[in-house]
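Engineer: From first to last, the protein sequence lines are chains A and B. Numbering-wise, full-length UniProt numbering puts 169 at position 169 of the first sequence, and it's gapless, one number per residue. Numbering-wise, full-length UniProt numbering puts 198 at position 198 of the second sequence, and it's gapless, one number per residue.
Protein chains: 2
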Amino acid sequence: MTQLDPEKLVGPGDKASSADHSILMDQIIMFGDSITQGAWVPGGTGATISHAYQRKLDVINRGFSGYNTVWGLDVLKQWLPRKDERLPKIRIFFVWFGANDACLPPSPQAVTLEDFKKNLNTIMDLLRSPSSPHCSPSTQIVLITPPPVDADIRNAELASRDPPRVPDRDRKHTQAFAEAVKEVARNAKVPSVDVWTKITATAEQQDGGKLDRYLSDGLHLTAEGYRLVTEELAEVIIRQLPHLHWDRLEQRFPHWADFLTPEQRF
Amino acid sequence: MTQLDPEKLVGPGDKASSADHSILMDQIIMFGDSITQGAWVPGGTGATISHAYQRKLDVINRGFSGYNTVWGLDVLKQWLPRKDERLPKIRIFFVWFGANDACLPPSPQAVTLEDFKKNLNTIMDLLRSPSSPHCSPSTQIVLITPPPVDADIRNAELASRDPPRVPDRDRKHTQAFAEAVKEVARNAKVPSVDVWTKITATAEQQDGGKLDRYLSDGLHLTAEGYRLVTEELAEVIIRQLPHLHWDRLEQRFPHWADFLTPEQRF
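#1: So, does the CB of asparagine 187 of chain B fall closer than 8 angstroms to a CB anywhere in chain A?
#2: Taking only beta carbons into account, state which residues of the region 61–87 of chain B come closer than 9 angstroms to chain A, listed in chain order.
#3: Roughly how many angstroms separate the alpha carbons of valine 190 of chain A and isoleucine 141 of chain A, rounded to a whole number?
#4: Curious, which full-length alpha helix (DSSP H) runs of at least 4 residues does the region 179–255 of chain B contain?
#5: Assuming contact is defined by CB atoms lying nearer than 8 angstroms, are phenylalanine 93 of chain B and phenylalanine 31 of chain B in contact in what I supplied?
#6: How about arginine 171 of chain A and alanine 185 of chain A: do their beta carbons lie closer than 8 angstroms?
#7: Return the Cβ separation of residue 267 of chain B and glycine 218 of chain B in integer angstroms, given the expectation that the two are a contact with Cβ distance under 8 angstroms.
#8: Looking at the structure shown, is phenylalanine 93 of chain A part of a helix, part of a strand, or coil, going by DSSP?
#9: Which runs of the alpha helix (DSSP H) spanning at least 4 residues fall entirely within the region 132–174 of chain A, listed in chain order?
#10: Name the residues in the region 26–49 of chain A whose C-beta lies less than 7 angstroms from a C-beta of chain B; which are they?
#11: Would DSSP call arginine 62 of chain B helix, strand or coil?
#12: Quick one: which residues of the region 99–118 of chain B get their C-beta closer than 7 angstroms to a C-beta of chain A? List them in chain order.
#13: To the nearest angstrom, how far is the alpha carbon of aspartate 20 of chain B from that of valine 195 of chain A?
#14: Which term fits aspartate 243 of chain B, buried or exposed, when burial requires 16 or more other beta carbons within 10 angstroms of its beta carbon?
#15: Could you tell me the distance, in whole angstroms, from the CA atom of asparagine 100 of chain A to the CA atom of threonine 222 of chain A?
#16: Cα-Cα, which of A/Ser34, A/Met25 and A/Gln27 is closest to histidine 220 of chain A?
#17: Within the region 22–75 of chain B, note down every full beta strand (DSSP E) run reaching 3 residues or more, in order along the chain.
#18: Hey, could you find the ends of the alpha helix (DSSP H) glutamate 85 of chain B is sitting in?
#19: For lysine 83 of chain B, which residues from the same chain have a beta carbon less than 6 angstroms from its beta carbon, with the 5 sequence-adjacent residues on both sides left out?
#20: Could you work out which residues of chain A lie near phenylalanine 253 of chain B, taking near to mean beta carbons separated by less than 8 angstroms?
#21: Would you call the region 69–88 of chain A and the region 105–122 of chain A in contact, with 3 or more CB pairs under 8 angstroms?
#22: When the Cα of asparagine 121 of chain B is compared with those of B/Val181, B/Phe64, B/Arg86 and B/Ser107, which residue comes out closest?
#23: Counting C-beta neighbours from all protein chains within 10 Å, is the total for leucine 4 of chain A 16 or more, i.e. buried, or is it exposed?
#24: Assuming contact is defined by CB atoms lying nearer than 8 angstroms, are glutamine 240 of chain B and glutamine 37 of chain A in contact in what I supplied?
#25: Using only the alpha-carbon positions, how far apart do leucine 127 of chain A and valine 95 of chain A sit?
#26: Leaving out five residues on either side along the sequence, give the residues of the same chain with a beta carbon under 6 angstroms from the beta carbon of isoleucine 60 of chain A.
#27: For residue 271 of chain A, which residues from the same chain have a beta carbon less than 6 angstroms from its beta carbon, with the 5 sequence-adjacent residues on both sides left out?
#28: Please report whether the beta-carbon of leucine 260 of chain A lies at a distance below 8 angstroms from any beta-carbon of chain B.
#29: Looking only at C-alpha atoms, which of A/Lys118, A/Glu204 and A/Leu104 sits nearest to asparagine 187 of chain A?
#30: Leucine 80 of chain A lies in the alpha helix (DSSP H); which residues open and close that run?
#31: Closer than 8 angstroms, CB to CB, is aspartate 207 of chain B near chain A or not?
#32: My assumption, with CB atoms under 8 angstroms, is that glycine 225 of chain A sits in contact with proline 106 of chain A. Please give the rounded CB distance.
#33: Just to make sure I have the definition right: I need the residues of chain A whose C-beta is within less than 7 angstroms of the C-beta of isoleucine 23 of chain B. Which are they?
#34: Keeping to the same chain, check which residues put their C-beta closer than 7 angstroms to that of serine 132 of chain B; ignore five residues upstream and five downstream.
#35: Considering only C-alpha positions, which residue in the set B/Ile238, B/Leu233 and B/Gly43 is nearest to isoleucine 144 of chain B?
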C-alpha cells in the first residue's frame, strides 16, 4: 500500500491526527422539539441532510419531544460541549423551537413571546458570548421557525381524549412565534429558515390553504412537510452559507483511489 | 420550573453532568464501505436505526465508499477514540465490509480471503485487546456480511464503460467473504447479521432468485434491500442483544412531563 501524504489524510477540521488523539469529525447539531426529534423518519429533514453530508459532517439529533425553550435551555447547558473539552467541533447549529412554546395558557408548555425571544437569545449567547463556558465562535447558528398549525385538527383531537383537553394551539399565536424567530435572527445577524411561510404559501398555492398534506395531526410534519423544510433549508445554505453547502465541503478521509499506487490507477 | 432530581437528568452512560464536563450521548457506529456510507438514503438501514434510537443513542455513519478492510483499518486507527480520551462511548460497533474486499484480481480493491479474516480480527482487537490504545470492553461488536452480488449486471456495466473494464465481481467469491464474516464472528463470539443469506433466500422465495428488487446496480442496495438488512439486524438484536434494543434503552434526558410540578401534570 502507498504511503500517503499525512496532509491528505485530513479534510476540514482537525489539522492532523497524532498518536495521542483520534481525529474528530465535525458536526451539524439539530436542536429542537419533537419536530426535530422525528426528523429521521423516511423523508425527514434530519435523515436527508445526514445523507447529503455523508463523509463530511455528522448530523446529530438533539430533538426533545414536548420541550419548549425553557426546558431546552436546561438540558442544552448539560450537553453543549465546553470550550475546554476536546469534542467534535459544531459547524452548524440549527435551533428549531416554537411549536410548544406557542401553546396557549393554561398549557404548562406555554412560554410568553417575550420569554421565547429571550430564551432564543440565551441559546445563542451560550455559543457566541466570549464569557460563556461553551463559547464556539466558529459555529454557524441558524434559526428555524415553527411550521403552521392546523388548530381545528389539533384541538379536535384534544377534545376527543378521555378526559377531553382544552384547545392548546392557535394558528395566529404560532405565527407570532414564527415571526419572533425571524426577528431574533435578524437582530443577531444569523440566517433563519422560514418554515412557517414556506409551508403556508405552498399550501395556499397548491391546496387552497389546506395543511393536511404537510401536517399529520395538525402539529407534526408529514414527509411532504419535511421535504418543504429541507428545500427551504437548502435555499438558505445556498444563498447565505454557500461555504457550508454539502457539495462545497471536502470529505474528511481519503477517497479510496488515493490509496492506490500510480500504476494501479485507471 | 421544578427542581429536578439530578439523578433523573441522566439516562444510561455518564453518571452525571458536572460543571466541568458536558454530558456525552452514547453512540452506535456503522463502519463499512459504500453500502454503509449510503445507508441514510430514504429507507436505508442507517436512517432507520437513527430514527429508532432517537433520544437514546446517536447513530454515526463511518462508511467509506470503495474501501476494503485494509484501507478501513488505516483510517479506523485514526478516528477510533483512544481509551484515555473523554469521547462518546460506543455501545454498538457494526462492521460491514466484504463487498470490495471480494473484488477479483487484478482489481486493486481485492483482498485475499485470509487477509480479509485477519483484518476483521484486527479491527475487533483494536476494540477488545487490553493492550490496544482504543480498548473499549463495553462496546458490543456486531459483524455484518456483504450482500449477494449480481455479477452479470455489475460486469456488464463495467464492460460498457469507456474504456471497458474487466469483470470485478463474482457471486461465489462474494459468498465466500460472507461465509468468512460468519466464521470470524463465531470464533470471536460476537453476533453476525447474515445479509447474504437473508437477501438470497428472500429473492429465491419471492423473485425466482432474481436480485434486482434488492440491488440497484448488481452491487449496491435498493431501499427494499436495506429494508431486509434492517429486518435481519433487528432480529439479531432481539434474539442476541435484547438489552440493546431501542425499546429497552432509557431516554438520555428527561421526558418533558418530568419538568412539570405535580399540580401541572394531567
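Note that beta-carbon positions come from the ideal geometry of N, C-alpha and C, so glycine has one too.
Structural biologist: The short version:
#1: Asparagine 187 of chain B does not count as touching chain A.
#2: Of all residues in the region 61–87 of chain B, those with a C-beta nearer than 9 angstroms to a C-beta of chain A are Asn61, Arg62, Gly63, Phe64, Ser65, Gly66, Tyr67, Asn68, Val70, Trp71, Asp74, Val75, Lys77, Gln78, Trp79, Leu80, Pro81, Arg82, Asp84, Glu85, Arg86 and Leu87, reading in chain order.
#3: C-alpha of valine 190 of chain A to C-alpha of isoleucine 141 of chain A: approximately 6 angstroms in a straight line.
#4: 195–207 and 223–240, all fully within the region 179–255 of chain B.
#5: With a cutoff of 8 angstroms on beta-carbon distance, phenylalanine 93 of chain B and phenylalanine 31 of chain B are scored as near each other.
#6: Here arginine 171 of chain A is not near alanine 185 of chain A, since their CB atoms are 8 angstroms or more apart.
#7: Residue 267 of chain B cannot be examined here, being either before or after the span of chain B that is shown, 1 to 266.
#8: Phenylalanine 93 of chain A: strand per DSSP, three-state reduction.
#9: With a minimum length of 4 residues, the continuous alpha helix (DSSP H) runs that stay inside the region 132–174 of chain A are 151–159.
#10: Against chain B - using a Cβ distance shorter than 7 angstroms - the residues of the region 26–49 of chain A are Gln37, Trp40, Val41, Pro42, Gly43 and Ala47.
#11: Arginine 62 of chain B sits in a strand when the DSSP states are folded into three classes.
#12: Correct list: Pro108.
#13: Approximately 37 angstroms, taken between the alpha carbons.
#14: Reading the sequence as shown, one finds histidine at residue 243 of chain B and not aspartate. The residue is exposed, with fewer than 16 neighbouring Cβ atoms inside 10 Å.
#15: Each residue's alpha carbon lies about 18 angstroms from the other.
#16: Checked all of A/Ser34, A/Met25 and A/Gln27; the closest Cα to histidine 220 of chain A is A/Ser34.
#17: Entirely contained in the region 22–75 of chain B, the beta strand (DSSP E) runs reaching 3 residues are, in chain order, 27–32 and 58–63.
#18: First-last for glutamate 85 of chain B: undefined, no H or E at that position.
#19: Only Cys135 meet the Cβ criterion.
#20: Those are Phe64, Val75, Gln78 and Trp79, listed as they occur along chain A.
#21: Here the region 69–88 of chain A lies against the region 105–122 of chain A, with 3 or more beta-carbon pairs under 8 angstroms apart.
#22: Of the listed residues, the one whose Cα sits closest to asparagine 121 of chain B is B/Val181.
#23: Residue placement at leucine 4 of chain A cannot be trusted, given a pLDDT of 39 that sits under 50; what the coordinates show is reported in the next sentence. That one is exposed.
#24: Taking 8 angstroms as the Cβ cut-off, glutamine 240 of chain B and glutamine 37 of chain A do not qualify as a contacting pair.
#25: So the alpha carbons of these two residues sit roughly 12 angstroms apart.
#26: These residues qualify, in order along the chain: Gln27 and Ile29.
#27: Lying before the first or after the last residue shown, residue 271 of chain A is absent from chain A, which here runs from 1 to 266.
#28: Yes, leucine 260 of chain A lies at the interface with chain B (some Cβ there is under 8 angstroms from its Cβ).
#29: Measuring from the Cα of asparagine 187 of chain A, the nearest candidate turns out to be A/Lys118.
#30: For leucine 80 of chain A, there is no enclosing alpha helix (DSSP H), since its DSSP letter is neither H nor E.
#31: Not an interface residue.
#32: Going by Cβ atoms, the distance from glycine 225 of chain A to proline 106 of chain A rounds to 28 angstroms, so no, they are not a contact pair.
#33: Close to isoleucine 23 of chain B, with beta-carbon spacing below 7 angstroms, are these residues of chain A in chain order: Gln78 and Trp79.
#34: Apart from the 5 residues on each side of it in sequence, serine 132 of chain B sits with its Cβ closer than 7 angstroms to the Cβ of Asp125 and Leu126 in its chain, given in chain order.
#35: The residue from B/Ile238, B/Leu233 and B/Gly43 with its alpha-carbon nearest to that of isoleucine 144 of chain B is B/Leu233.
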